[in-house]
Every structure is written in structure tokens, then in C-alpha cells.
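Read the structure below first, then the notes.
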Amino acid sequence: MKKQLTQEFALFWEQRDARERRMLSIAAVVILLALVYQIFLDPALTGRTKLLKQIPVLRQQVAEITALSAQQSKLAAGLSQMTEPVSRESVEASLAARGIKAQTLSVTEDIVRLQIQTVAYANVMEWLIEAQKSSRLTVEEARFTALPEPAQVNVSLTLKQQRGGL
């Protein structure tokens, strides 16, 4: 098969005059160069251009990641510092500062349980944010019951103090 194909090509080639052979040779070289360009050079050149466009974006992302990493390190260092254990008095004082009176309040180790009757929802949420920042109290369980008065709720909360980076 291969030998027959070679013989047919040799016969075809010998039937052409010198000018046709030269033109066919030039055409074959041009096609070969086009294939080499399409297979090897074009992907490399377009990839290089694409990467050159992406470099500033990637550098910006690296800078953002570095800044976030530094911020995370600072926050982790702050969390690792020991926090004063939460006490009934500290919870009552922070509630009183917001004008909130708890119906029931119990503090056991790092767990705070409280019930508040008829309080503004926004006031409770602000107190929770403040308690989270100052005493590192996080909400374990919360039950809100809407009252007929606008923005008034009954609240039952279970909070846990996060200490020592836990």
C-alpha cells in the first residue's frame, strides 16, 4: 500500500514540468508553515497576551489576599487573648445600658440564658451586637415572638461565650 502510494506520487510528480513542481513545492512549504504556526506559535502567542492582561488582576488579588491574611492574623491574635468570664452582673449592666430588663436571667459557666418580655426588636439586636463585641457572646438559640405592637417582641435567648480563641 505504502509502496503503491509512493509510486503514484512519483508518477504524478514526474508528469509536472519544473514550474509546476516549484509552485507545488512552495504551496507545500506555505501549508507546512501555516500548520506549524497554528499548532505551535499561535497558542503560545495568544496565551502570552492573555496572561499579560491577567497579570495586573492577579497582582491585585494577591494584594487583597495578603491584606485579608494580615487582618485575619490580627483578629486571631485578638481572639486568643483571654476574655473575662461573663457574669450575671455584667449582662444585667449591659442590658440596663440599653434600657432592657430581663424577666429571667441565668449565667452558668459560659452559657447565658435570658427571657425578655415586650422589647423593641432593634434594641435587642443592637444589644446582641454589643454583647458579641464586648463579651464575645454568640447566639446558640433564639426564639422571637412578635407582639401586636409594631416592632415589639418577646425574646428567649441562649448565648455562649467564646473564650481563648475557641
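Letter by letter, the sequence shown follows residues 2 to 167 of this note's numbering.
Cβ atoms here follow ideal geometry from the backbone N, Cα and C, with glycine treated the same way.
DSSP on residue i, reduced to helix/strand/coil?
i	result
T7	helix
K102	coil
Q39	helix
Q1	No answer is possible for residue 1: it lies beyond the span of the chain, which begins at 2 and ends at 167.
M2	coil
Q163	coil
P86	coil
E21	helix
Just tell me which of the options has its CA closest to the CA of residue i.
i	options	result
R99	V87, W128 and L106	W128
Q162	V87, A45, V58 and L6	V87
V140	I130, L148 and A147	I130
L158	L148, K134 and Q118	Q118
R144	S136, M126 and W14	M126
D111	K134, M2 and L160	L160
I181	V156, T109 and K4	The question about residue 181 has no answer here: the residues shown for the chain are numbered 2 through 167.
I believe residue i touches residue j by the beta-carbon criterion, under 8 Å. Please report the beta-carbon distance rounded to the nearest angstrom.
i	j	result
L96	V113	Actually they are not in contact, since the Cβ atoms of L96 and V113 sit about 11 Å apart, beyond 8 Å.
L115	A103	5 Å
L106	E90	Wrong, their Cβ atoms sit about 10 Å apart, outside the cutoff.
S136	T67	That belief does not hold up - the Cβ atoms of S136 and T67 are roughly 32 Å apart, past 8 Å.
R22	W14	7 Å
R17	L25	7 Å
Return yes when at least one heavy atom of the ligand MN lies under 6 Å from the C-beta of residue i, else no.
i	result
A29	Absence of the ligand MN is noted for the structure shown, with no ligands found whatsoever.
Taking 8 Å as the threshold, find out whether the region 114-124 comes into contact with the region 144-156 through three or more Cβ pairs.
yes
Hey, which unbroken runs of the beta strand (DSSP E) at 3 residues or more fall wholly within the region 105-159?
105-109, 112-121 and 138-147
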